[in-house]
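**Student:** In our numbering, the protein residues as written are 97 to 585.
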Amino acid sequence: MSIKTIRGNLLFWKISGVFTALLILLGIAYVIMASFISKKYFYEVNQQLYGDIAAHLARSTQPLKNGRPDTLVTHDIIHSIMVINPSVEVYLLDQQGKIIDFVVPDKSVKQNEVNLQAVQQYIREGGHRYIAGDNPKNPDEKAIFSAAPIMENGALSGYVYAVLASEKQAGVLGALKSNFFFSLGSTIFFATLIIALLVGIITFFLITDSICQIAGTVIRFKEGDLTARIEGHGKGNLGVLTSTFNEMADTIVANMEKITATDRLRQELIANVSHDLRTPLAIMQGYIETLLIKKDQVSASDQSKYLGIIHDSSQNLARLVEQLFEYSKLEANQIVPQKEPVAIGELVNDVLLKYQLLAKNKNMSLQLEAPSHLPQVFADVALLERVIQNLLDNALKFTAENGRINVMLRANPATVEIAVSDNGIGIPASQQPFIFERYKQLPQVEGTNKGMGLGLAIVKKILDLHQTVIHIKSAPGSGTTFWFLLPAI
Ligand SMILES: Nc1ncnc2c1ncn2[C@@H]1O[C@H](COP(=O)(O)OP(=O)(O)OP(=O)(O)O)[C@@H](O)[C@H]1O
Ligand SMILES: [Mg+2]
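This is the structure we're talking about:
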């Protein structure tokens, strides 16, 4: 059995068990209350119905003569009443409540007096309220009664006391009660129980089933199934739980992907860096060792040539390290551009001056095409200089000797366009989308390329910081133009 089923069943059975116990208790309480209330109701009805019996006897017969019971007459009348209503038992009481005569089905009277308090209250209230009094045949149980005073010559000489719920009635009632209440109670109880149980169990099943599904998905996610998401349950508390879990899972997965990507980047970086730094380092080490070991055998001109190579390599190494450092700072969002109005024409002129010598060495023409009046642009001057340098580096690197490099500046209504174009080897359209990725270098120029493939990635990051993008127009063999816009002020 799976964890899901075990947990689901346990919760379901617990709730169902408690619910069933509650229903049983309710059923029992119902039977007890129904029995008590209906008994009281029966007594009240009886007392109201037959309450006149005592008064009738006291009035129509003269049960006491000179304070003594006139048994002959009264017994006859009482017997005829008892034939009609067998639940009646009649007692004659003296003024103190002592039983001086009685007519009951058997002679088993266990009490010889009746407490007059209830009798007097009954007479006072005219028998309108349910009152229980002594039952001389059964002293342990109170009974409903009818009572009336017996008057002789205008004075009280005793009471007629008629117990209305006689033993016979109690017997009949008991038999009926056990039958009637049991069947009534149990029918209602079982019907209610079965309906409530069915409704309850279906409800509990639905609730616990939803919880089980949710728990199952959470367990699947915990055990490594990162695609596990809770489906359905869009509303209510379960809906909140569901959407919160799903959002949480999405966040966890996104974070994991980010961590994995960062980790991959770090591995790539280490591999690239170690590879790119090793080349100039190896060159430097080789020449330094030669100079150290064979110092005397190496001519003075070779020595200065070797030192020149070492110098170039160390510069190359410094440039690589600097570029790497710059890129990682940009990647980590550690560079905040200090934007200010920049005279773009002057800036480009200054940069071109530094590149003139390099261009001349390769027999290249390096030109600036710019209108005499250009608006200033809003940019970080050092970062902008880095962009132009990187584009010029590439133009020089990927253009053959005798080539031509042009930098063009043009004023648009709200922007200034900066373009660097060459007539070098060009970039196939299929590769153009990828050259701005870090470490991306095209295969055909590998080997001749001393860079790390970071130049254009740095350009893109810097232009991102200026909320602008770099565009490219290039075709293999006919050259490349990179251009971008900066806000004019
Ligand atoms: N002007 C260009 N002409 C032809 N190919 C280019 C030009 N500029 C860039 N590329 C291609 O795009 C690739 C990426 O350029 P990027 O400047 O990012 O790297 P890189 O110049 O190789 O190395 P780094 O700039 O780090 O020294 C280059 O390797 C090259 O293949
Ligand atoms: Mg480059």
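Ideal placement from N, C-alpha and C gives every residue a C-beta, glycine not left out.
Would you verify that the beta carbon of A151 is, or is not, closer than 9 Å to some beta carbon of chain C?
**Tutor:** The chain inventory of the structure shown lacks chain C, comprising one protein chain alone.
**Student:** Closer than 8 Å: is that where the CB of S570 sits relative to any heavy atom of ligand 1?
**Tutor:** For this step, residue 570 is matched to residue 474 along the sequence shown. The answer is yes for S570.
**Student:** Going straight from the alpha carbon of T93 to that of L413, what length do you get?
**Tutor:** Outside the shown range of the chain (97 to 585) lies residue 93, about which nothing can therefore be said.
**Student:** Count the other CB atoms within 10 Å of the CB of A525; is the residue buried (16 or more) or exposed (fewer)?
**Tutor:** For the purposes of this step, residue 525 is taken as the residue at position 429 of the sequence shown. The residue in question, A525, is exposed, as its Cβ has fewer than 16 Cβ neighbours within 10 Å.
**Student:** Quick one: what does DSSP say I102 is sitting in, helix, strand or coil?
**Tutor:** As a position in the sequence shown, residue 102 is number 6, starting the count at 1. With a pLDDT of 45 at I102, under the threshold of 50, the predicted position of this residue should be treated as unreliable, and no value is reported.
**Student:** Once you ignore the five residues that flank G543 on each side, which residues in its own chain have a CB closer than 6 Å to its CB?
**Tutor:** By one-based count along the sequence shown, residue 543 stands at place 447. Unreliable placement is indicated for G543, whose pLDDT of 47 sits below 50; the coordinate value is still reported in the next sentence. The answer is none, since no qualifying residue turns up.
**Student:** Under 9 Å, do V186 and F198 count as touching if we go by C-beta distance?
**Tutor:** Here residue 186 corresponds to residue number 90 of the sequence shown, with the count starting at 1. Here residue 198 corresponds to residue number 102 of the sequence shown, with the count starting at 1. Yes. Within cutoff.
**Student:** Please identify the residue among S468, L454, Q144, F317 whose C-alpha is closest to the C-alpha of E442.
**Tutor:** In the sequence shown, the residue the question calls residue 442 occupies position 346. Cα-wise, what sits closest to E442 is S468.
**Student:** Here's a check: name, in chain order, each residue in its chain whose Cβ is nearer than 7 Å to the Cβ of I133, leaving out the five neighbours to either side.
**Tutor:** Residue mapping note: residue 133 aligns to position 37 of the sequence shown, counting from 1. Taken in chain order, the list of residues that qualify is empty.
**Student:** Helix, strand or coil: how does DSSP classify G543 here?
**Tutor:** Your numbering for residue 543 matches position 447 in the sequence shown. Low confidence applies here, because G543 scores a pLDDT of 47, under 50, leaving its location unreliable; read the following figure in that light. It is coil, neither helix nor strand.
**Student:** Measuring alpha carbon to alpha carbon, tell me which residue in T313, G229, F241, A350 is nearest T338.
**Tutor:** Locating residue 338 in the sequence shown gives position 242, counting from the first residue. Minimum Cα distance to T338 is reached at T313.
**Student:** Quick check on the contact list: which residues have their beta carbon closer than 7 Å to a heavy atom of ligand 2?
**Tutor:** Residues with a Cβ closer than 7 Å to any heavy atom of ligand 2, in chain order: N486, D489, N490, K493, G547, G551, L552.
**Student:** Relative to the C-alpha of A239, which candidate in N142, D172, V179, T283 has its C-alpha closest?
**Tutor:** Against the sequence shown, residue 239 aligns to sequence position 143. It is N142 whose Cα lies nearest to the Cα of A239.
**Student:** Should Q434 be counted as a contact of ligand 1 given a C-beta to heavy atom distance under 8 Å?
**Tutor:** Position 338 of the sequence shown, counted from the start, is the residue given in the question as residue 434. Flag unset: Cβ of Q434 not near ligand 1.
**Student:** Whose CA, out of I290, K493, G547, lies closest to the CA of G522?
**Tutor:** Position 426 of the sequence shown, counting from 1, holds the residue named residue 522. The residue with the shortest Cα to Cα distance from G522 is K493.
**Student:** Straight-line CA distance for N486 to P433?
**Tutor:** On the sequence shown, position 390 is the one that residue 486 refers to. On the sequence shown, position 337 is the one that residue 433 refers to. Roughly 18 Å between the two C-alpha positions.
**Student:** Only counting the same chain, and skipping five residues up and downstream in sequence, which positions put a Cβ closer than 7 Å to that of W579?
**Tutor:** Locating residue 579 in the sequence shown gives position 483, counting from the first residue. Once the five neighbours on either side are set aside, the close Cβ partners of W579 are E513, I514, A515, H567.
**Student:** Looking at S242: is its Cβ nearer than 9 Å to the Cβ of A151?
**Tutor:** For the purposes of this step, residue 242 is taken as the residue at position 146 of the sequence shown. For the purposes of this step, residue 151 is taken as the residue at position 55 of the sequence shown. Yes, the pair counts as a contact, with Cβ atoms nearer than the cut-off.
**Student:** To the nearest angstrom, how far is it from the Cα of V256 to the Cα of G296?
**Tutor:** Residue 256 sits at position 160 when you count from the first residue of the sequence shown. Residue 296 sits at position 200 when you count from the first residue of the sequence shown. Taking the straight line joining both Cα atoms gives about 58 Å.
**Student:** Quick check on this structure: which residue in L488, V417, L582, I531 has the alpha carbon closest to the alpha carbon of V503?
**Tutor:** Position 407 of the sequence shown, counted from the first residue, corresponds to residue 503. Nearest C-alpha to V503: L488.
**Student:** What does DSSP give as the partner residues of T576 in its beta bridges?
**Tutor:** Start at 1 with the first residue of the sequence shown, and residue 576 comes out as number 480. DSSP lists D518, S570 as partners of T576.
**Student:** So what does DSSP say about I511, is it helix, strand or coil?
**Tutor:** Indexing the sequence shown from 1 puts residue 511 at position 415. In the sequence on display, residue 511 carries Thr and not Ile. Strand.
**Student:** With C-beta atoms as the reference, is N162 less than 9 Å away from E248?
**Tutor:** Translated into the one-based positions of the sequence shown, residue 162 becomes position 66. Translated into the one-based positions of the sequence shown, residue 248 becomes position 152. Yes. Within cutoff.
**Student:** In angstroms with no decimal places, state the Cα-to-Cα distance between L387 and E364.
**Tutor:** Walking along the sequence shown from the start, residue 387 turns up at place 291. Walking along the sequence shown from the start, residue 364 turns up at place 268. Their backbone Cα atoms lie some 35 Å apart in a straight line.
**Student:** Could you give the residue range of the beta strand (DSSP E) that holds V259?
**Tutor:** Indexing the sequence shown from 1 puts residue 259 at position 163. Start and end: 251-259.
**Student:** Pick from A491, E353, K233, L145: whose alpha carbon is nearest that of L448?
**Tutor:** Translated into the one-based positions of the sequence shown, residue 448 becomes position 352. Ranking the options by Cα distance to L448, first place goes to A491.
**Student:** Could you please give me the residues that DSSP links to V503 through a beta bridge?
**Tutor:** As a working mapping, residue 503 is identified with position 407 in the sequence shown. In DSSP, V503 forms a bridge with L464, V516.
**Student:** Along the chain, where does the alpha helix (DSSP H) that runs through L377 open and close?
**Tutor:** Residue mapping note: residue 377 aligns to position 281 of the sequence shown, counting from 1. It spans 332-389 - the alpha helix (DSSP H) in which L377 sits, taken as one unbroken run.
**Student:** Cutting at 6 Å between CB atoms, please list the residues of its own chain near Q207, excluding the five before and the five after it.
**Tutor:** Position 111 of the sequence shown, counting from 1, holds the residue named residue 207. Within the same chain, Q207 has close Cβ partners P232, P235.
**Student:** Taking the beta strand (DSSP E) that E319 belongs to, which residues open and close that run?
**Tutor:** Within the sequence shown, residue 319 is the residue found at index 223, counting from 1. Taken as a continuous stretch (DSSP letters only), E319 belongs to no beta strand (DSSP E), as it is neither H nor E.
**Student:** Between M344, T167, W109, L280, which lies nearest to M129 when the distance is taken from Cα to Cα?
**Tutor:** Taking the first residue of the sequence shown as position 1, residue 129 is located at position 33. When only C-alpha atoms are compared, the closest one is L280.
**Student:** Taking the continuous alpha helix (DSSP H) assigned at F494, which residues delimit it?
**Tutor:** Position 398 of the sequence shown, counted from the first residue, corresponds to residue 494. Run containing F494: none; DSSP gives neither H nor E here.
**Student:** How big is the Cα-Cα spacing for G520 and L377?
**Tutor:** Within the sequence shown, numbered from 1, the residue matching residue 520 stands at position 424. Within the sequence shown, numbered from 1, the residue matching residue 377 stands at position 281. Taking the straight line from one Cα to the other gives about 30 Å.
**Student:** Could you work out which residue in V369, A510, L145 is closest to F421 when comparing CA atoms only?
**Tutor:** Numbered from 1 along the sequence shown, position 325 holds the residue referred to as residue 421. Comparing Cα-Cα distances from F421 to each of V369, A510, L145, the minimum goes to V369.
**Student:** Please classify H562 as buried or exposed, where buried requires at least 16 neighbouring CB atoms within 10 angstroms.
**Tutor:** Residue 562 sits at position 466 when you count from the first residue of the sequence shown. Burial call: buried.
**Student:** Return the Cβ separation of T511 and L559 in integer angstroms, given the expectation that the two are a contact with Cβ distance under 8 Å.
**Tutor:** Numbered from 1 along the sequence shown, position 415 holds the residue referred to as residue 511. Numbered from 1 along the sequence shown, position 463 holds the residue referred to as residue 559. Not really, about 13 Å apart at Cβ, beyond 8 Å.
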